[in-house]
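Per this note's numbering, the very first residue in the sequence shown carries number 153; after that it's consecutive.
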Amino acid sequence: MFIDNVALTLSSGKGGPGCVSFRREKHVIQGGPDGGDGGKGGNVYFKVDKNTHTLSHFRNNQHLKARNGEPGMGRKMYGKSGEHLVIIVPPGTQVIDAETNEVLLDLLEEGDKQLFLEGGMGGLGNTHFKSSTNQRPEFAQPGRGGLTKAIKLELKLIADVGLVGFPNVGKSTLISVVSNAEPEIANYEFTTLTPKLGVVVTDDYQSYVMADIPGIIEGASEGKGLGIEFLRHIERTKFLLFMIDLANYRDLEEQYETLKKRVKKSFLKIITA
Numbered sequence: 153m154f155i156d157n158v159a160l161t162l163s164s165g166k167g168g169p170g171c172v173s174f175r176r177e178k179h180v181i182q183g184g185p186d187g188g189d190g191g192k193g194g195n196v197y198f199k200v201d202k203n204t205h206t207l208s209h210f211r212n213n214q215h216l217k218a219r220n221g222e223p224g225m226g227r228k229m230y231g232k233s234g235e236h237l238v239i240i241v242p243p244g245t246q247v248i249d250a251e252t253n254e255v256l257l258d259l260l261e262e263g264d265k266q267l268f269l270e271g272g273m274g275g276l277g278n279t280h281f282k283s284s285t286n287q288r289p290e291f292a293q294p295g296r297g298g299l300t301k302a303i304k305l306e307l308k309l310i311a312d313v314g315l316v317g318f319p320n321v322g323k324s325t326l327i328s329v330v331s332n333a334e335p336e337i338a339n340y341e342f343t344t345l346t347p348k349l350g351v352v353v354t355d356d357y358q359s360y361v362m363a364d365i366p367g368i369i370e371g372a373s374e375g376k377g378l379g380i381e382f383l384r385h386i387e388r389t390k391f392l393l394f395m396i397d398l399a400n401y402r403d404l405e406e407q408y409e410t411l412k413k414r415v416k417k418s419f420l421k422i423i424t425a
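(1) Within 8 Å, do at least three Cβ pairs link the stretch 241 to 251 to the stretch 279 to 298?
(2) Among Ser233, Val330, Lys304, whose alpha-carbon lies nearest the alpha-carbon of Leu315?
(3) Could you compute how far the alpha carbon of Gln293 sits from the alpha carbon of Ile303?
(4) Going by alpha carbons, who is nearest to Gly274 out of Gly234, Gly191, Arg414, Glu177?
(5) For Leu269, write down the residues that DSSP places opposite it in a beta bridge.
(6) Provide the residue(s) that pair with Pro185 in DSSP beta bridges, ordered along the chain.
(7) Of the choices Val200, Pro289, Ala363, whose alpha-carbon is the least far from that of Gly263?
(8) Could you name the residues that DSSP lists as bridge partners for Val241?
(9) Let me make sure I understand the geometry here. Which of Ile365, Asp356, Asp355, Gly224 has the alpha-carbon closest to that of Asn320?
(10) Run through the DSSP bridge pairs and tell me what Ile327 is partnered with.
(11) What does a CB cutoff of less than 7 Å around His215 pick up in its chain, not counting 5 residues either side in sequence?
(12) Just to confirm the assignment, what range does the beta strand (DSSP E) spanning Val316 have?
(13) What is the DSSP secondary structure of Ala220, reduced to helix, strand or coil?
(14) If you draw a straight line from the alpha carbon of Gln407 to that of Thr206, how long is it in whole angstroms?
(15) Going by alpha carbons, who is nearest to Gly165 out of Lys413, Gly272, Phe291, Gly322?
(16) Over the uninterrupted beta strand (DSSP E) stretch that includes Thr389, give me the two end residues.
(17) I'd like the list of long-range same chain contacts for Gly183, defined as Cβ closer than 7 Å, with 5 residues on each side in sequence excluded.
(18) If you follow the beta strand (DSSP E) that Ala292 is in, where does it begin and where does it stop?
(19) Let's see if you can read the secondary structure: which residues bound the beta strand (DSSP E) around Ser363?
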């Protein structure tokens, strides 16, 4: 299954509470407070990995949490910080606020790692609250809570060339011949149900990425056929290559103008959605 839209709830870790402890050792007079600080809660990061191609691995786990910090301990020992949560996404992933639809992150570059939610600070142990008027503080700070955010992830494939055409016009055949892609090829419409990427090698040191976009039919912008869901990927292509069918009952110019109108209409639908 190809999933390029997924809703998630993310939470950073809560800070660990500070410790209430007093130094009690033989031959040590007036040991005093020695409660350590709680550990910081884990952060939430996004990291781009080009070896990941879909968002399908999120479909069964839609609330992801970083670890909480551990409590402080006696002898002024700090609690362990919570483990960070690193969310791996493919290049071209956008992180969108679920409430406002604002694009919070646009993750494009391989290896890019960005902090999204910071974990809560750990609470201070009672050793910090000793004073001339309070030699025996019996309280410590609780850890601060983490942050929680409801988001949407949207994947828009990145390609240099996007193949656009009517269903069954030969896009899958072309990309299978010129690249390493292996799309399904058959003599019926909509054999391409998800966008396919292929790397076209031009010489020993140069190549480019070609995307096979599912066929565009009349009314795609209104949800007919495969609708505009996969047409969103056209946004990330450097240019479009229109494929025209010589054997079609429509002449070449009519096919070209029709495709242009449908692509433009679909783009307007995407922008205003």
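Heads up, the beta-carbon is just placed ideally off N, CA and C, and yes, glycines get one too.
Checking against the coordinates, here is how it stands:
(1) no
(2) Val330
(3) 31 Å
(4) Gly191
(5) Val196
(6) Phe174
(7) Val200
(8) Val200
(9) Ile365
(10) Answer by DSSP bridge pairing: none, since Ile327 is not bridged.
(11) Thr161
(12) 311 to 316
(13) The sequence shown places Asn at residue 220, rather than the Ala named in the question. Three-state result, Asn220: coil.
(14) 32 Å
(15) Gly272
(16) 389 to 394
(17) Phe174, Arg175, Arg176, Glu177
(18) Note, Ala292: premise wrong, no beta strand (DSSP E); not H, not E.
(19) In the sequence as displayed, the identity of residue 363 is Ala instead of Ser. Element bounds for Ala363: 359 to 364.
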